[in-house]
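J.: Residue numbering for the sequence shown is 79 to 514, as defined by the numbering used here.
A virtual CB, placed ideally from N, CA and C, is assigned to each residue, including glycine.
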Amino acid sequence: MANVIVVGTQWGDEGKGKVVDLLSEYFDAVARYQGGTNAGHTVVVGEEKIVLHLVPSGVLRKGKICILGNGVVIDLPALLQEIDQLVRLQVKIDENLFISKNAHLVLPYHKLLDAELERLRGGRRIGTTRRGIGPAYVDKMARTGIRIGDLTDPTLFRERLRANLEEKQAQFPHHQELRELDAEKVAAEQLEQFERARGFLTDCSLVINDLINAGRSILFEGAQGTLLDIDLGTYPFVTSSSATAGGACTGTGVSPTAINGILGVTKAYTTRVGEGPFPTELTDAMGEALRERGQEFGATTGRPRRCGWFDAVAVRYSARVNGLSALALMKLDVLDACERIRICTGYRRKGEGYQDFPNETGLLKECEPIYEEVPGWNESIVGTTSYDRLPARCRAYVERLEALTGVEVGLISTGPRRDQTILRATPAMRQWGLAR
Ligand code: IMP
C-alpha cells in the first residue's frame, strides 16, 4: 500500500479537507504534519457540515487512525472543543487519535502577541488568522517553546511557562492583557485540560513507522498551501510552518524514502486570504462572482477570500518544489457559468517575461499575468462522476491545465459532497490504489 502526501498547491483553502476525507477510506491512517488552528477544513458528511481545525478529517471514517505530528502546534482548549464536537456527532476517537508528545503548544500569550504584532505592523500586516501560530513557532525555533509532552511534568511545565511569559511581558511592558496574565493561572488551566488529552500522547514517529513496517498505508495531511510555506511561499506573507511536502517528513518523523507519492490539491481558479502579492487577483465583478459561486469565505475567520483566475505559473512552481505525482482539481463546477475562462500562463514585468515563479515578494508584486482565454462550457457539471461525461470544453480546460502544469489531474471535484467526485485512472492514482 502507498504512503501519500496531500499538499495544497496555492495559498491554502484548495479543498484538502474534502480530499483527505474522501481518500482516507483507502488508507489506514491520516497524519497531520504542520500548522494549527489557523487551518479550517470544512467537511460535509451527509447533511451535516463541520469544520475541523486540528484533528485530521480522516477521523470521520470508522476505524481510521488519526495522528497529530510533532510539526503541528496545539491549542489545547481548541482541541478539546473539537473532540467534544466529534463526540456529539458520535464519532469514536478514544483509540484512534494519537498526538505527538513533541508537538508544541499554542498558549494564551501567543494569541495576544499574534494580534499585537499585526497591530504594530500597520500597513505591512500579514493578515494572520490571529490564532497564535506565528508566535508559537517563534518560540519553537528560539528553543523556548513548550511541548505538549512537557505537561506530564507539572513542575517543569510551570517553570517553563513562567519564564516564557515573563520574557514576553518584559518585551511588551505596555500590553495590559499580557501584563495581567498570571503564569500560575494559565499553567493550572493547561494542566487541568491536559488530563483529558494525556491518553492521546505518543511518540508519533514510532507509531507511524511501526504502521508502515506492518504494511499499513498513511495519508499525510498538509494544511495551508505551498505559497504559504515559511521557506518556499511568498515570504513574508506566509504562515510559520513547512506546508510543502518536505514538511510531512520532519513534521512526523518519517523518512522521505517511505513516501510513495504526492497529491497536489488545486482549485480550478485561485484564492488567497490575508495580505501579499496575488498576480491573477480579480477585483472586478468576475472576482465577486467567483467568491459568491464558490462561497469563498474563510473557514476559520469568515473573511472573504480574494479570488482570481488559475495561475499555471504558481502551480508549476508547486509541482516542482513538491514533486507532485498528480493533481486534485477542486471546485471545477464553480466555473460552470463562465462565458469565457482565463488561464495565466506566464508573467510579464517591466517588459520581461517569466515562465518560472519569481519567488521574491517585491518582484511578484510587479508581475502582470499573461492570459490565455478559453471558452467556458456553460452548463452544470455539478455531481458528475465520470470524466467522459464532462462537456468537451470542460475536458479541454482540464487538459490545458495538465499541459501547463506538467501534472496529470487524477481527481476532479464537481461539488462539495464526497460522491460529487471524479477519480481518473492516471498512473499515480492506479499506483495508490485509488482508481483502476
Ligand atoms: P497565520 O498562519 O495565522 O500566521 O497567517 C499567516 C497567513 O497565512 C495569513 O495570510 C493567513 O490568512 C494565511 N493562512 C493561514 N492559515 C490558512 C489556511 O488554512 N487557509 C488559507 N490561508 C491561511
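At a threshold of 6 Å, does V351 count as lining the ligand COA (C-beta to nearest heavy atom)?
T.: Judged by which ligands are present, the ligand COA is missing from the structure shown, whose ligands are the ligand IMP.
J.: May I have the straight-line CA-CA distance separating T36 from L289, to the nearest angstrom?
T.: Here the chain has residues from 79 to 514 only, and residue 36 is not among them.
J.: Do the segment 161-173 and the segment 313-323 touch if we need at least three Cβ pairs shorter than 8 Å?
T.: Segment contact: the segment 161-173 against the segment 313-323, fewer than three CB-CB distances shorter than 8 Å; contact not assigned.
J.: Assign P155 to one of three DSSP states: helix, strand, or coil.
T.: Reading the sequence shown from its first residue, position 77 is the one you call residue 155. Residue state, collapsed to three classes: helix.
J.: Does any heavy atom of the ligand IMP sit closer than 6 Å to the C-beta of I459?
T.: Taking the sequence shown and counting its residues from 1, the one referred to as residue 459 is at position 381. I459 Cβ: outside cutoff for every heavy atom of the ligand IMP.
J.: Rounded to the nearest angstrom, what separates V316 and D228 at their Cα positions?
T.: Here residue 316 is taken as the residue at index 238 of the sequence shown, counted from 1. Here residue 228 is taken as the residue at index 150 of the sequence shown, counted from 1. Roughly 28 Å separates the two Cα atoms.
J.: Would you mind reading off the limits of the alpha helix (DSSP H) that contains P134?
T.: The count along the sequence shown starts at 1 and reaches residue 134 at position 56. Element bounds for P134: n/a, residue is neither H nor E.
J.: Let me check one thing: in DSSP terms, what residues is H119 bridge-paired to?
T.: Mapped onto the sequence shown, residue 119 falls at position 41. For H119, which the question treats as bridged, DSSP gives the partners L130.
J.: Using the C-alpha atoms, what's the distance from A406 back to G339?
T.: For the purposes of this step, residue 339 is identified with residue 261 of the sequence shown, where counting begins at 1. For the purposes of this step, residue 406 is identified with residue 328 of the sequence shown, where counting begins at 1. Rounded to the nearest angstrom, the two C-alpha atoms are 13 Å apart.
J.: For H119, count neighbouring C-beta atoms within 10 Å of its own C-beta (all shown protein chains included) and say buried if the count is 16 or more, exposed if not.
T.: Looking up residue 119 in the sequence shown gives position 41. When all chains shown are included, H119 counts as buried.
J.: Which stretch, first to last residue, makes up the alpha helix (DSSP H) that contains A390?
T.: What you label residue 390 is simply residue 312 of the sequence shown in a count that begins at 1. Run containing A390: A390 to N400, per the alpha helix (DSSP H) assignment.
J.: Less than 6 Å between the CB of T206 and some heavy atom of the ligand IMP, yes or no?
T.: Taking the sequence shown and counting its residues from 1, one reaches residue 206 at position 128. Yes; taking the cut-off as 6 Å, the Cβ of T206 has a heavy atom of the ligand IMP nearer than that.
J.: Does the beta-carbon of L306, which I'm using as the reference point, lie nearer than 6 Å to any heavy atom of the ligand IMP?
T.: Within the sequence shown, residue 306 is the residue found at index 228, counting from 1. Checking the Cβ of L306 against the ligand IMP gives yes.
J.: Give the secondary structure of G86 by DSSP, where H, G and I count as helix, E and B as strand, and everything else as coil.
T.: The count along the sequence shown starts at 1 and reaches residue 86 at position 8. Strand at G86.
J.: Find the nearest neighbour of T207 within the set G201, L195 and V133, judged by alpha-carbon distance.
T.: In the sequence shown, residue 207 corresponds to position 129, counting from 1. Selected option, being the one with the closest Cα: L195.
J.: Taking only heavy atoms of the ligand IMP into account, decide whether any of them is closer than 6 Å to the Cβ of A265.
T.: For the purposes of this step, residue 265 is taken as the residue at position 187 of the sequence shown. Not under cutoff, so the answer is no.
J.: In angstroms, rounded to a whole number, what distance separates the CA positions of P232 and L269?
T.: Reading the sequence shown from its first residue, position 154 is the one you call residue 232. Reading the sequence shown from its first residue, position 191 is the one you call residue 269. Rounded to whole angstroms, the gap between the alpha carbons of P232 and L269 is 7 Å.
J.: Is I448 helix, strand or coil when you go by DSSP?
T.: Working through the sequence shown from its first residue, we reach residue 448 at position 370. I448 falls in the strand class under three-state DSSP.
J.: What number of angstroms, rounded off, separates the C-alpha of V133 from the C-alpha of R110?
T.: Here residue 133 refers to the residue found at position 55 of the sequence shown. Here residue 110 refers to the residue found at position 32 of the sequence shown. Whole-angstrom Cα-Cα distance: 8 Å.
J.: Quick one: grab the DSSP three-state call for T222.
T.: Locating residue 222 in the sequence shown gives position 144, counting from the first residue. It is coil, neither helix nor strand.
J.: Could you give the DSSP three-state label for T328: helix, strand or coil?
T.: Position 250 of the sequence shown, counting from 1, holds the residue named residue 328. Of the three classes helix, strand and coil, the one that applies to T328 here is helix, per DSSP.
J.: What does DSSP give as the partner residues of R478 in its beta bridges?
T.: The residue you call residue 478 lines up with position 400 of the sequence shown. When DSSP reads this structure, R478 sits in no beta bridge, so it has no partner.
J.: Verify the contact flag: G116, CB atom, against every heavy atom of the ligand IMP, threshold strictly below 6 Å.
T.: On the sequence shown, residue 116 is found 38 positions in, with the first residue counted as 1. One detail in the question is off: residue 116 reads as Asn in this sequence, not Gly. Correct: N116 has its Cβ closer than 6 Å to the ligand IMP.
J.: CB of T348 to nearest heavy atom of the ligand IMP: below 6 Å?
T.: Walking along the sequence shown from the start, residue 348 turns up at place 270. It does not: the Cβ of T348 is nowhere closer than 6 Å to a heavy atom of the ligand IMP.
J.: Could you pull the start and end residues of the beta strand (DSSP E) that V487 belongs to?
T.: The residue labelled residue 487 in the question sits at position 409 within the sequence shown. Unbroken beta strand (DSSP E) run through V487: V487 to S491.
J.: Within a Cβ cutoff of 8 Å, which residues of the same chain sit near W387, ignoring the five residues on either side of it in sequence?
T.: Locating residue 387 in the sequence shown gives position 309, where the first residue counts as 1. Taken in chain order, the residues that qualify are Y347, T348, T358, L360, I419, R420, I421, C422, P447 and Y449.
J.: Which same chain residues end up closer than 6 Å to L190 when comparing Cβ atoms and leaving out the 5 residues on each side of it in sequence?
T.: Counting from 1 along the sequence shown, the entry for residue 190 is found at position 112. Cβ within range, chain order: E255 and L256.
J.: What's the C-alpha gap between M167 and T378?
T.: Start at 1 with the first residue of the sequence shown, and residue 167 comes out as number 89. Start at 1 with the first residue of the sequence shown, and residue 378 comes out as number 300. Residue identity differs from the one stated: residue 167 is Leu in this sequence, not Met. Straight-line Cα distance between these residues: approximately 20 Å.
J.: Near G461, what residues of its chain come up, given a Cβ to Cβ distance below 7 Å and the 5 sequence neighbours on each side ignored?
T.: Here residue 461 corresponds to residue number 383 of the sequence shown, with the count starting at 1. Answer for G461: T492, G493 and Q498, listed in chain order.
J.: In whole angstroms, give me the CA-to-CA distance for H131 and A301.
T.: Taking the sequence shown and counting its residues from 1, the one referred to as residue 131 is at position 53. Taking the sequence shown and counting its residues from 1, the one referred to as residue 301 is at position 223. H131 and A301: Cα-Cα distance of roughly 9 Å.
J.: Tell me whether E267 sits in a helix, a strand or coil according to DSSP, three-state version.
T.: Looking up residue 267 in the sequence shown gives position 189. E267: helix per DSSP, three-state reduction.
J.: Please work out which residues of its chain come closer than 8 Å, Cβ to Cβ, to P436, disregarding the five sequence neighbours upstream and downstream, and give them in chain order.
T.: Numbered from its first residue, the sequence shown carries residue 436 at position 358. Answer for P436: Y425, R427, L442 and C445, listed in chain order.
J.: Can you tell me whether N291 is buried or exposed? The criterion is at least 16 other CB atoms within 10 Å of its CB, across all chains shown.
T.: Locating residue 291 in the sequence shown gives position 213, counting from the first residue. Looking at its Cβ environment, which holds fewer than 16 other Cβ atoms inside 10 Å, N291 is exposed.
J.: Please say whether L297 and L138 have beta carbons closer to each other than 7 Å?
T.: On the sequence shown, position 60 is the one that residue 138 refers to. On the sequence shown, position 219 is the one that residue 297 refers to. No, the pair does not count as a contact, with Cβ atoms beyond the cut-off.
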